Amino acid sequence: MEIYRHACPRNCFSTCGMLSYIEDGRLIKVSGDAKHGYSQGRLCAKGYAYTQYVYNPYRLKHPIKQNPRGSGNWKRISWDEAYNTIADKILELNARYGSNLAVGYNKFSGNIGLLHYAVEGMFNSIGPHTKPVGNPCLITGEQAMKKCFGRTISLRPEKMAEMNVIVIWGANPAVTNVHQMKFIFQAREKGAKLVVIDPIFTQTAAKADIFIQINPGTDGMLALGMAKLLIGLEKYDQEFTHDKTTNWEEFCQYVHEEVDVEAVCHKTGVSIDVINELVHLCADTKLCATWIGYGVQRNKNGGQNIRAISTFAAIAGHLQEGCGCVYYSHNGIDDFPINLLNLQGPEHKTIKQSREIDINNFPEGARNLADPPLKFLWIASRNPLSQDQDLHEWELLMKELELIVTVDLFMTKTAQLSDIVLPAATHFEEVDLNVSYWHHWLSINEKSIPSYFEAKSDLQIARELMQRLNEKSPGFSNFPYDRHPIDWIKLELTPTVKESYSIEGIEDLFEGPCCRNEEEYPQFSRSKKFRLFSPEITESCPVSEREQNQRAEEKYPYQLLTPQSLLKIHSQYEAVPWLNHGGEQVVVEVSEYAAEKSDISEGDKVEVYNQYGEITAIAKISRFLPRKIVVVNQAGDTPINRLINQTVQSSKGLSSANFYDSSVNIRKWCDENG
Amino acid sequence: MKMVKRMGFIFNLDLCFGCMACEIACRNENQTPHAIRWRKVSRLTNDTFLSVSCNHCSSPECFRVCPENAFTKRGDGIVQIDSDLCTGCGYCIEACPFEAPQFDPITRKASKCQMCYPRQDRGMPPACIEACSTEALRYIDLNTCNDKNLVGTILGFPDIKLTNPSIAFYPAKERKRYFLR
Chain A
4 MEIYRHACPR NCFSTCGMLS YIEDGRLIKV SGDAKHGYSQ GRLCAKGYAY TQYVYNPYRL
64 KHPIKQNPRG SGNWKRISWD EAYNTIADKI LELNARYGSN LAVGYNKFSG NIGLLHYAVE
124 GMFNSIGPHT KPVGNPCLIT GEQAMKKCFG RTISLRPEKM AEMNVIVIWG ANPAVTNVHQ
184 MKFIFQAREK GAKLVVIDPI FTQTAAKADI FIQINPGTDG MLALGMAKLL IGLEKYDQEF
244 THDKTTNWEE FCQYVHEEVD VEAVCHKTGV SIDVINELVH LCADTKLCAT WIGYGVQRNK
304 NGGQNIRAIS TFAAIAGHLQ EGCGCVYYSH NGIDDFPINL LNLQGPEHKT IKQSREIDIN
364 NFPEGARNLA DPPLKFLWIA SRNPLSQDQD LHEWELLMKE LELIVTVDLF MTKTAQLSDI
424 VLPAATHFEE VDLNVSYWHH WLSINEKSIP SYFEAKSDLQ IARELMQRLN EKSPGFSNFP
484 YDRHPIDWIK LELTPTVKES YSIEGIEDLF EGPCCRNEEE YPQFSRSKKF RLFSPEITES
544 CPVSEREQNQ RAEEKYPYQL LTPQSLLKIH SQYEAVPWLN HGGEQVVVEV SEYAAEKSDI
604 SEGDKVEVYN QYGEITAIAK ISRFLPRKIV VVNQAGDTPI NRLINQTVQS SKGLSSANFY
664 DSSVNIRKWC DENG
Chain B
181 MKMVKRMGFI FNLDLCFGCM ACEIACRNEN QTPHAIRWRK VSRLTNDTFL SVSCNHCSSP
241 ECFRVCPENA FTKRGDGIVQ IDSDLCTGCG YCIEACPFEA PQFDPITRKA SKCQMCYPRQ
301 DRGMPPACIE ACSTEALRYI DLNTCNDKNL VGTILGFPDI KLTNPSIAFY PAKERKRYFL
361 R
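Protein chains in written order, with the working numbering: chain A, 4 to 677; chain B, 181 to 361.
Written as structure tokens, this is what we have:
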């Protein structure tokens, strides 16, 4: 039996170190890699199910083509035919429009290994084209953190084990980051208090010493109320606030004049006694970790929420050296050159750069393009027809496209509406390099098994397709297709990276994952100061829009929250039997109030609907859910995202998607005959 | 036969958050077909979970009711089933209070958790134990364990009087909850 080293490439905090056990070229089981200091030899339930993921009867085996699109009339084709069809289309569009701007892609986080930037690299290599920019997930918070701290910060999450207090705002690691829980429990074992603030009584909330339920989107308001009480008690860190913040006086004045604690209690739903208890708990120790979850920024108040929470941590003295920290994300990837992402393509004689579309408004942005319109779309590492918002816009966009190519492992909702679908490799079938957006470990991912039938990695596809393009039109692409995957990895290990991770070369990574050297604590001083919360000047809401909102409130009285499920990541893992026992019906969690109002009983079939569509689901009545919240977990087959619409954002590429700003109503499902 | 050891489980309700890693790690190790769940994680109350497999009872009912004498109890307490002897009559499945023996519709036989004895014989922990990131689930020789904080059963766990299962619990502690009104 052979054993190989891997990193789980899912869009997940943990990016676990993994070992594969291979017999006769077949994956027989997996285990955690004990040399990984964060996941420490363990995986999550999804990770332990990889044998069923790799050898899944629903996995795509060969390139396929359907005609007409959406008919399900699939025909197996050779890679050769696929490459020819795609290359010919790209060349024809180039001849038609005089550039590659009619050619574009949509790619995100299906596999977050560094070599999957091959998709971006492939498009860069043909010169100016149409590309998505931005990030649906966490960028609002990242921007807010930068505003406060002057840069992004991240301490090792293992350090949470040393804290006296851990306050989690809107994150649910018990479901989305299971390996963090042990560090939290280690702190609790030594007497630390865990506080969870969330609108939902999550699995993490259930483990908290203190759970505080809050109205969604009002976290920042609570933090400002806490700040006001802290200042009133004179328990704030005087040295820090006076010497190391840019705007202490201004902040005090704002809090004094604008923050009304009674209003805070009313809007957040948290009582004054509870706010007081929380303030005292946080003020009595410097060793306090504040973890801001991505959930608090999935609404229009996102940036303000995060700046307010960070501000409370700052004035409480939690950011002084040797104290606690604010945890949000780790930008470990910034250490790397990411040569594929930053590949410089050939110049175009008149067009200086690629056209950019905000990824959170992709279909509408794409449909608004003219001269030339978008005609060709390549979709990889993504299932937008299940996971994006504005699905109706996607359907309209697809009608306008002449060729849609999707690379995936399974027949996703998106693949179903594509012309050509190419089978993608799992991480056991390719080499890669992985960092996490949470912990500080760097892992290599080895290839341990031959490709499943004709599956290929994104990089392999890029190499072969670009070579084919050049055969047809010499010099069309400057993709270095002779370069092997392992050499792309070696190129990422620059002298700076080697120093940061104390490694001499790639060989060290084959011995086990390596941790980044401890980052310097964010030192604030008289010259480098923390920027405390100040209200953003927001445009006043026009009357008509306000009226509209009110009307919407009456028609769709419930706010829709759509967190991740334990046994899936977005629409991934749907086809894995071990993770899907007990029926795969969509469940909608409703409050006792909503159930009574709509005459819904436990287990009833109900419709969740709004102006964008409806889905049917089985009702689960929760006595812990706030009255006006409805919860449907992320899943792919009946995507709840059909009901989610994106409000247009002012800053292109700098805001996360406001997934939690949608309103819905519910009703008992009626048979059309009945 | 005198038991040298009494290998069993310790389950800490406070440390389990229902991640199901133990259940799927068991499947990964034993490659069980998907209708079979040797270990099962379930919600016990609104805020606690339970992870249960065969409890390798001191007085196993499966052992008593099996007409083929397919069950044996090893010197370390692990209850094994010999699938060659099993005829799939289902008596053990009916008799077990913990739903430990599971009927495999393909082989038409019962199968169950064997506490990963091949791993234990090599000095390795059972797969479920290895997978538990918070040590909510541990295994131990219960004959050597006399922690006063351990209790024999918890609310919601099947009756232990009949079979005397080899499992002990750390119960959940009280917590503060402030719900919206």
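Cβ coordinates follow ideal geometry from the N, Cα and C atoms, glycine included.
Since the structure is predicted, the reported quantities are computational estimates derived from the model, not experimental observations.
Beta-carbon gap between residue i and residue j smaller than 9 Å
{"i": "residue 446 (chain A)", "j": "residue 20 (chain A)", "result": "yes"}
{"i": "residue 33 (chain A)", "j": "residue 173 (chain A)", "result": "no"}
{"i": "residue 593 (chain A)", "j": "residue 622 (chain A)", "result": "yes"}
{"i": "residue 214 (chain A)", "j": "residue 201 (chain A)", "result": "yes"}
{"i": "residue 390 (chain A)", "j": "residue 536 (chain A)", "result": "no"}
{"i": "residue 258 (chain A)", "j": "residue 148 (chain A)", "result": "no"}
{"i": "residue 643 (chain A)", "j": "residue 609 (chain A)", "result": "no"}
{"i": "residue 171 (chain A)", "j": "residue 82 (chain A)", "result": "no"}
{"i": "residue 431 (chain A)", "j": "residue 249 (chain A)", "result": "no"}
{"i": "residue 296 (chain A)", "j": "residue 217 (chain A)", "result": "no"}
{"i": "residue 352 (chain B)", "j": "residue 330 (chain B)", "result": "no"}
{"i": "residue 110 (chain A)", "j": "residue 370 (chain A)", "result": "no"}
{"i": "residue 372 (chain A)", "j": "residue 462 (chain A)", "result": "no"}
{"i": "residue 616 (chain A)", "j": "residue 331 (chain A)", "result": "no"}
{"i": "residue 166 (chain A)", "j": "residue 190 (chain A)", "result": "yes"}
{"i": "residue 211 (chain A)", "j": "residue 233 (chain A)", "result": "no"}
{"i": "residue 561 (chain A)", "j": "residue 669 (chain A)", "result": "yes"}
Whole-number beta carbon distance between residue j and residue i, since they are thought to touch under 8 Å
{"i": "residue 350 (chain B)", "j": "residue 224 (chain B)", "result": "Contact flag wrong, Cβ pair sits at about 13 Å."}
{"i": "residue 457 (chain A)", "j": "residue 426 (chain A)", "result": "6 Å"}
{"i": "residue 380 (chain A)", "j": "residue 407 (chain A)", "result": "5 Å"}
{"i": "residue 304 (chain A)", "j": "residue 223 (chain A)", "result": "6 Å"}
{"i": "residue 314 (chain A)", "j": "residue 226 (chain A)", "result": "7 Å"}
{"i": "residue 191 (chain B)", "j": "residue 317 (chain B)", "result": "6 Å"}
{"i": "residue 308 (chain B)", "j": "residue 199 (chain B)", "result": "The Cβ separation is near 12 Å, so there is no contact."}
{"i": "residue 204 (chain A)", "j": "residue 662 (chain A)", "result": "At roughly 20 Å, the Cβ-Cβ gap does not stay under 8 Å, so residue 204 (chain A) and residue 662 (chain A) are not in contact."}
{"i": "residue 452 (chain A)", "j": "residue 67 (chain A)", "result": "With 8 Å as the limit, residue 452 (chain A) and residue 67 (chain A) do not qualify as a contact, their Cβ atoms being about 22 Å apart."}
{"i": "residue 324 (chain A)", "j": "residue 526 (chain A)", "result": "7 Å"}
Identified DSSP bridge partners for residue i
{"i": "residue 292 (chain A)", "result": "A:169 and A:328"}
{"i": "residue 575 (chain A)", "result": "A:572"}
{"i": "residue 562 (chain A)", "result": "A:632 and A:666"}
{"i": "residue 317 (chain B)", "result": "B:191"}
{"i": "residue 613 (chain A)", "result": "A:616"}
{"i": "residue 2 (chain A)", "result": "Residue coverage of chain A in this structure runs from 4 to 677, which leaves residue 2 (chain A) outside it and unanswerable."}
{"i": "residue 248 (chain A)", "result": "A:533"}
{"i": "residue 381 (chain A)", "result": "A:108 and A:408"}
{"i": "residue 229 (chain B)", "result": "B:223"}
{"i": "residue 252 (chain B)", "result": "B:260"}
{"i": "residue 624 (chain A)", "result": "A:593"}
{"i": "residue 178 (chain B)", "result": "As displayed, chain B neither begins before 181 nor continues past 361, which places residue 178 (chain B) out of reach and without an answer."}
{"i": "residue 363 (chain B)", "result": "Residue 363 (chain B) cannot be examined here, being either before or after the span of chain B that is shown, 181 to 361."}
Heavy atom of the ligand SAH within 8 Å of residue i beta-carbon
{"i": "residue 671 (chain A)", "result": "The ligand SAH is absent from the structure shown, which contains no ligand whatsoever."}
Short CB-CB distance (under 9 Å) between residue i and chain C
{"i": "residue 204 (chain A)", "result": "Although the question refers to chain C, the structure presented lacks it and instead comprises the protein chains A and B."}
### Query
Using a Cβ cut-off of 9 Å, which residues of the stretch 22-46 of chain A contact any Cβ in chain B, in chain order?
31, 32, 33, 34, 35, 42, 43, 44, 45 and 46
### Runs of alpha helix (DSSP H) wholly within the stretch 182-229 of chain A (minimum 4 residues, chain order)
183-192
### Task
Note down, in chain order, all residues in the stretch 172-193 of chain A with a beta-carbon under 7 Å from any beta-carbon belonging to chain B.
177, 181, 182, 184, 185 and 188
### Task
Quick one: which residues of the stretch 207-227 of chain A get their C-beta closer than 9 Å to a C-beta of chain B? List them in chain order.
207, 208, 209, 210, 211, 212, 213, 214, 215, 216, 217 and 218
### Contained beta strand (DSSP E) runs [length at least 3] in the stretch 415-462 of chain A, N- to C-terminal order
423-426, 435-437 and 444-448
### Ordered list of beta strand (DSSP E) runs contained in the stretch 76-137 of chain A, each at least 3 residues
77-79, 106-110 and 133-136
### Message
Any C-beta of chain A within less than 8 Å: which residues of the stretch 185-205 of chain B qualify?
### Response
194, 195, 197, 198, 199, 200, 201, 203, 204 and 205
### Query
Taking a cut of 8 Å between CB atoms, which residues from the stretch 555-588 of chain A lie near chain B?
569, 570, 580, 581, 582 and 584
### Message
By the 7 Å beta-carbon criterion, what residues does the stretch 623-643 of chain A contribute toward chain B?
### Response
627 and 629
### 3-residue-minimum beta strand (DSSP E) runs that sit fully inside the stretch 4-39 of chain A, ordered along the chain
5-10, 20-26 and 29-35
### Task
With 8 Å as the C-beta to C-beta threshold (strictly closer), list the residues of the stretch 264-290 of chain A near chain B in chain order.
272, 273, 274 and 277
### Message
Against chain A, which members of the stretch 326-360 of chain B pass a CB distance test of less than 7 Å?
### Response
355, 356, 357, 358, 359 and 360
### Query
Listed in chain order, which residues of the stretch 45-73 of chain A have Cβ atoms closer than 9 Å to some Cβ of chain B?
45, 46, 47, 48, 49, 50, 51, 52, 53, 54 and 55
### Query
What residue ranges within the stretch 304-379 of chain A form continuous alpha helix (DSSP H) runs of no fewer than 4 residues, ordered along the chain?
305-318 and 365-370
#### Entry: Interface residues of the stretch 304-315 of chain B facing chain A [CB-CB below 9 Å]
307, 310, 311, 312, 313, 314 and 315
### Task
Jot down the residue ranges of each uninterrupted beta strand (DSSP E) in the stretch 278-305 of chain B, minimum 3 residues, whole runs only, in chain order.
282-284 and 289-291
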